[in-house]
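Structure record follows, encoded as structure tokens.
There are 2 protein chains.
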Amino acid sequence: MNCLALRYGDDILVIDAGMMFPDAELLGVDIVVPDFSYLQENKEHVRALILTHGHEDHIGGIPFLLSLMNIPIYGTAFTLALVERRLEEHQLEEDPDLAEVEPGERIEIGPFQIEFIHVTHSIVDAVAVAITTPLGVVIHTGDFKIDPTPTDNRPVDLHTLADYGKRGVLLLLSDSTNVDRQGYTESERAVRPRLEDCFRRAEGRLVISCFSSSIHRLQQILDLAADYGRRVAFIGRSMTSVTEIAHDLKLLEVPDSILLRPQDVMSTPASKVVAVVSGTQGEPMSAMSRVAVDNHKHLSLRPDDMVVISARIIPGNEKAIYRMIDHVSRRGSDVVYGSMNPPVHVSGHASVEELKLMLSLVRPKYFMPLHGEYRQLSKHASLAHSVLHHHLKGSFVMECGEVLEFDHTGARKSGTVSVGRVCIDSGSVDEVVEDIVIRDRRHLSEDGFVLPIIAINKQTGKSVTLPEIVSRGFVSLEDDPELMQNARQVVVKTLDSSTAEERSDWGVMQEKIRVDLRRFLSKQTSRRPLIMPVILEV
Amino acid sequence: MNCLALRYGDDILVIDAGMMFPDAELLGVDIVVPDFSYLQENKEHVRALILTHGHEDHIGGIPFLLSLMNIPIYGTAFTLALVERRLEEHQLEEDPDLAEVEPGERIEIGPFQIEFIHVTHSIVDAVAVAITTPLGVVIHTGDFKIDPTPTDNRPVDLHTLADYGKRGVLLLLSDSTNVDRQGYTESERAVRPRLEDCFRRAEGRLVISCFSSSIHRLQQILDLAADYGRRVAFIGRSMTSVTEIAHDLKLLEVPDSILLRPQDVMSTPASKVVAVVSGTQGEPMSAMSRVAVDNHKHLSLRPDDMVVISARIIPGNEKAIYRMIDHVSRRGSDVVYGSMNPPVHVSGHASVEELKLMLSLVRPKYFMPLHGEYRQLSKHASLAHSVLHHHLKGSFVMECGEVLEFDHTGARKSGTVSVGRVCIDSGSVDEVVEDIVIRDRRHLSEDGFVLPIIAINKQTGKSVTLPEIVSRGFVSLEDDPELMQNARQVVVKTLDSSTAEERSDWGVMQEKIRVDLRRFLSKQTSRRPLIMPVILEV
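Pasting the structure below:
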């Protein structure tokens, strides 16, 4: 949920505006975005939003920021295309002001000169930004790795970074994700032989799940498919739309007639198909999760199929991902996944030696680690001191909302501004596009909340009694026994229409119940209480 | 939650009776044990319980099994000592019948001859069992690795396994935990140089968190402490009691006068102390979690202290563990943890090459992988076929409750028996010992449930309004406004008496509120509703 404000006098630049998916602890919400109230209070000073790359944790908050202030957005072609795709799902009052930039380009906004610097990352078209301010140069790396042999032959622009370093940089803000990893992160090219091994071994259908924005990875899959005479079906909403965007922008080369429509997958000989499916993180409603429980309309796994999870496990998603892999194993298919040695995946973030190189090239006076948990920020700060010694005047491990202030005498922490998380209850990713409700939990009392409580028999997977529904502050339900009765029936229907395997997976059931009940209550009452299903096994 | 029944005619042997800690999804319960109803229905046929080793997932269910039937329990000295410790917390009607056995020993129970075979694992005194039945020999490996250089110089008894293999084995049941790992698992001895590196580098106190049952690991820490002139304090209830047991059994050698009382840790020079603290998994109420948020009465971290997490991350615990490590980082202390390269930990389970060795030595006719998720069992079964080829007549990947039937013509799956999970709501580990209530969720309606709902201000960590309490089926609370008011005050008090860091950690707060509210309601009403705190950030 990355978002940083750079302020000089009365001019504010915002760098990235991300979202995150909620912890299991944050029941009943779909996504979480930053609380933009500092920006809202200083609305007249906010000049622009600068984007480093198109991952959701950097752009997902944009629709909510734009609903507060229509500021110009600067980013590279692919990044802005992904922003446009996000914005299409929302009805904004004004047309967004999207300004495309190219790596190497410089722009001027108020007192800031901004240069975009090409970096390598797991998504294409990623940049670092160098911002020249009256007090000195600030370099923000964005997310990066230093891949000497990227698949598109466009390495990091080390020369420009070196040039800034030579002339003097006030502050470096750098990606800390992999500060715990020794050595260098492998090149994206290292994935090819491992993927090729899967193409060589797969007897039936080859099913690969990866992030839809991993264009380099998708290109390697398309190339191998052409070599091995398999046609490619993209399955899942984000997979379809992001590959179309990348193809339009000529970032993804799709060989003639290699594409297969999802609905033709099962009627094509198994050994002639590779299905690329979204949902690497075991998200309950994703295409891959549906395939795993044999509940996808276009793809049904067979024992001689091979399934490859070509992505990292985002911390916190382990249980959901392994549950999905277990379901795939039950289909009898061979599954190649993360803990395999070596994995069919490489990280998009710099390891220690690359972080040292970044510090050495830029050699800033001050350092602020970004993009990591406290333990990682703290290690990255120590690393900076060990690399730059006395050249480094200070490093600052910042928690969300803390302010770092610079003047001619130096830098210091100076208080905090109001930040936090805002929970959003949107339509599920696979639902038809609908209005998204920004739900600040402060306003919970307006719509109240509803807890459907379902006792499921562990053996049969069936509910043992009619579901209980507890609600608070949602008057419509409390005062209307008929509505209550119908709501309970909605839950029963959802349970009955699920497969035995779905019913054995609490995550899936909670999500399905939540989606169905929300749709019902929203239609009946035009209100959207927070819905938190509680499932009890008996 | 391991538990296996071996039945020949009217005689049943039970092998292991474990427990597990609940998923985050199973709100409001402390531990989960197997549903023993199949054994209860066949009570008069159950001859004995055989234990392979003393880990909780193999012995934790014993108090609940014994409350149903007082059968004799066979195990090695350390295993039985841990069982006794567990049983002391419960008031059983009859005295338990514990029969100590030694590796190499053979016993006869009904139609079964049982031989205990020494294996290496992360706990001492672990055994495999070879059970000779009228139909052939069944070998159950228990949890094992094949450590050629164990720290106590007692390697796996490969000769006895080979001997059985030579004479012919009907069925092998083998540990599948690390079937995803290539090569060999490192020897426990590989940890010593990495631990020594920490002893060499630590300037202030050295704080090491490991499992209290990892006696080999504790021995290495004690040896290094003697070499480096540090005294050792064991902190945490399980750490204290398990080390005492191991010392009494002469499994842990404690050099003279090396022990330091926990209350003397802070008054001893920092460079002369190593504190060994329980709670590697970020359990909210554990000693290590309290130390991390600077809320432990005997240990307060300083910036020049070094904290070492010498344990694996049990899948599902990632968030809690990393949150704990982040808190330690905030204290300024250096933290050495799992993703470090190389980690200060080795696994206690066999990797692929060791699993192949076990299969090759025992060369069973039939194979049933144990101890793993479906994906791992399924891989282990394929591995068995690739090692034993035509010698192997069949392998069976079994889900909980499935029955594998043997007769003179062969083996086949034959239906299921009733199994499942029973949720237990005990006192928290650090509370004074109290009666444990077995809470079958079927009986939920008897005591009902209570959901305290707390809105916490993200900035201040304070609750913004008086907590709401929603309850169902817990009449005392619903009919008594004064009790309700007092219950809300209990929650307020818990919040107020917590540190800011605890309040920023939802897992900790949910657990604290649950414990305090349960104590209050239990005292006031003598009833124990299920308590599920819901915390909302605003």
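Order-wise, the sequence lines are chains A and B.
Oh and the first sequence: position 45 is 826 in the working numbering, straight run, nothing missing.
Oh and the second sequence: position 233 is 1014 in the working numbering, straight run, nothing missing.
Cβ coordinates follow ideal geometry from the N, Cα and C atoms, glycine included.
Please go through the same chain and pick out, in chain order, the residues whose beta-carbon is closer than 6 Å to the beta-carbon of residue i, but skip the five residues on each side of it.
i, result
"aspartate 791 of chain A", "His826"
"serine 818 of chain B", "Ser1199"
"leucine 953 of chain B", "Ile920, Val1143, Pro1145, Phe1148"
"isoleucine 796 of chain B", "Leu785, Ile831, His921"
"serine 993 of chain B", "Ser1019, Met1020, Val1023, Ser1059"
"valine 1133 of chain A", "Gln963"
Return the bridge partner residues of residue i from the DSSP annotation.
i, result
"valine 1315 of chain A", "A:Ile1234"
"aspartate 956 of chain A", "A:Leu1151"
"isoleucine 989 of chain A", "A:Val1057, A:Val1089"
"histidine 899 of chain B", "B:Val908"
"tyrosine 789 of chain B", "B:Asp792"
"threonine 914 of chain A", "A:Gly917"
"glutamate 1186 of chain B", "B:Arg1193"
"arginine 1269 of chain B", "Paired residues: none, contrary to the question."
"isoleucine 831 of chain B", "B:Ile796, B:Tyr855"
"phenylalanine 1255 of chain B", "BP columns for phenylalanine 1255 of chain B are empty, so no partner."
"alanine 880 of chain B", "B:Tyr855"
Residues in its own chain within less than 7 Å of residue i by CB, not counting five upstream and five downstream?
i, result
"glycine 1201 of chain B", "Asp816"
"valine 1272 of chain A", "Pro1233, Ile1235, Pro1248, Ile1294, Leu1298"
"phenylalanine 980 of chain B", "Leu987, Leu1005, Tyr1009"
"serine 1303 of chain A", "Arg1309"
Taking residue i as the reference, give the member of the options with the closest Cα.
i, options, result
"threonine 1021 of chain A", "A:Leu1298, A:Ser990, A:Gln1157", "A:Ser990"
"alanine 1162 of chain B", "B:Gly1153, B:Leu846, B:Val1178, B:His1170", "B:Val1178"
"glutamate 883 of chain B", "B:Asp938, B:Glu875, B:Asp1286", "B:Asp938"
"leucine 849 of chain A", "A:Leu863, A:His1079, A:Leu820, A:Asp876", "A:Leu820"
"proline 844 of chain B", "B:Tyr1155, B:Gly835, B:Gly856, B:Leu873", "B:Leu873"
"serine 903 of chain B", "B:His834, B:Ser1038, B:Phe897", "B:His834"
"leucine 1158 of chain B", "A:Arg1309, A:His1152, A:Ile1106", "A:Ile1106"
"lysine 926 of chain B", "B:Glu969, B:Ser1110, B:Met1069, B:Phe897", "B:Glu969"
"methionine 1087 of chain A", "A:Asp1115, A:Ile1094, A:Glu967, A:Arg1071", "A:Asp1115"
"asparagine 851 of chain B", "B:Ala1192, B:Asp876, B:Ser1278", "B:Asp876"
"aspartate 956 of chain B", "B:Ala1068, B:Asp924, B:Gly985", "B:Asp924"
Going by DSSP in three states, residue i sits in which element: helix, strand or coil?
i, result
"phenylalanine 1015 of chain A", "strand"
"valine 1218 of chain B", "Unreliable positioning characterises valine 1218 of chain B in this predicted model, as indicated by a pLDDT of 41, which lies under 50. A coordinate reading is not provided."
"methionine 1069 of chain B", "helix"
"threonine 1306 of chain A", "helix"
"glutamine 1001 of chain B", "helix"
"serine 1132 of chain B", "coil"
"glycine 1113 of chain A", "coil"
"lysine 926 of chain B", "strand"
"cysteine 1181 of chain B", "coil"
"glutamate 969 of chain A", "helix"
"alanine 1101 of chain B", "helix"
"glutamate 889 of chain A", "strand"
"valine 1095 of chain A", "For the record, residue 1095 of chain A in the displayed sequence is isoleucine; it is not valine. Here isoleucine 1095 of chain A sits in coil by DSSP."
Interface residues of chain B around residue i at Cβ under 8 Å?
i, result
"lysine 1137 of chain A", "The contacting residues do not exist; lysine 1137 of chain A stays about 15 Å from chain B at best."
"aspartate 1107 of chain A", "Glu1154, Tyr1155, Arg1156"
"glutamate 1099 of chain A", "Pro1096, Gly1097, Glu1099"
Which chain B residues are close to residue i, counting only those with a beta carbon under 9 Å from its beta carbon?
i, result
"proline 778 of chain A", "Outside the displayed span of chain A (782 to 1319) sits residue 778 of chain A, for which this structure offers no information."
"serine 1110 of chain A", "Glu1154, Tyr1155, Arg1156, Gln1157, Leu1158, Ser1159, Lys1160, Val1178"
"valine 1116 of chain A", "Arg1156, Ser1159, Lys1160"
What in chain B is Cβ-close to residue i, meaning under 7 Å?
i, result
"tyrosine 1103 of chain A", "Pro1096, Glu1154"
I'd like the list of long-range same chain contacts for residue i, defined as Cβ closer than 8 Å, with 5 residues on each side in sequence excluded.
i, result
"valine 1315 of chain A", "Leu1232, Pro1233, Ile1234, Ile1235"
"glycine 1184 of chain A", "One point to set straight first is that residue 1184 of chain A is valine, not glycine, in the sequence displayed. Excluding residues within five positions, the ones whose Cβ falls inside 8 Å are Lys1194, Ser1195, Gly1196, Thr1197, Val1198."
"threonine 914 of chain A", "Leu787, Tyr789, Pro892, Phe893, Leu951"
"leucine 1030 of chain B", "Ala858, Phe859, Ala862"
"aspartate 1286 of chain A", "Pro1065, Val1074, Arg1104, His1108"
"valine 910 of chain A", "Ile796, Ile831, Thr833, Ile895, Glu896, Phe897, Ile898, Ile920, His921, Gly923"
How about residue i: is its Cβ closer than 7 Å to a heavy atom in the ligand ADP?
i, result
"leucine 868 of chain A", "Absence of the ligand ADP is noted for the structure shown, with no ligands found whatsoever."
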